[in-house]
Amino acid sequence: MSGVLTCDLPKLAAGVGAELRAVGPGRVHYAGPVAGRGVLSLTLPNGLRTTYEPVRPLVAQGAEVTAGQVVALLADGAHCPRSCLHWGLLRAETYLNPLTLLPRPTPRLLPLSRPALEAQDPSSQPPGA
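Going by our numbering, the first residue of the sequence shown is number 514, and it counts up by one from there.
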């Protein structure tokens, strides 16, 4: 979409035909073609609008959707060397980062294995090893 800031996700684990799910509950603002590509736009309860393209929408304009509902299938995007999704987020006239809609990962510290510790500090090996 010309003039639109999006998060381009070219390294999806799935290809054309992959199911796309609504990031949150809302109403379908638009579902149809724009400049020859399928576009789906959802308005969320907080007034934000998120867009997905290129897609084959599975929901109609005005329909209510739930978080996680399959709303579209990823379509072929002729401008990418392989399947990719352009995902946008808009508040009024301001474009935002759509990744902020995803849950934040919880950092976890994992213990290093004994070989990893020894590789970092040879003095951590027991005597005679």
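Here a beta-carbon is modelled for each residue, glycine too, at the ideal position from N, C-alpha and C.
Bounds of any beta strand (DSSP E) do not take in R621, whose DSSP letter is neither H nor E. Annotated as distal: G539 and T564, with beta-carbon spacing of 7 Å or more.
Taking 7 Å as the cut-off, the Cβ atoms of P611 and W600 count as close.
Straight-line measurement puts the Cα of S554 at about 10 Å from the Cα of G575. Looking at Y608, L623, L614, V583, the one whose alpha-carbon comes closest to that of G530 is V583. With fewer than 16 neighbouring CB atoms inside 10 Å of its own CB, E606 falls in the exposed class.
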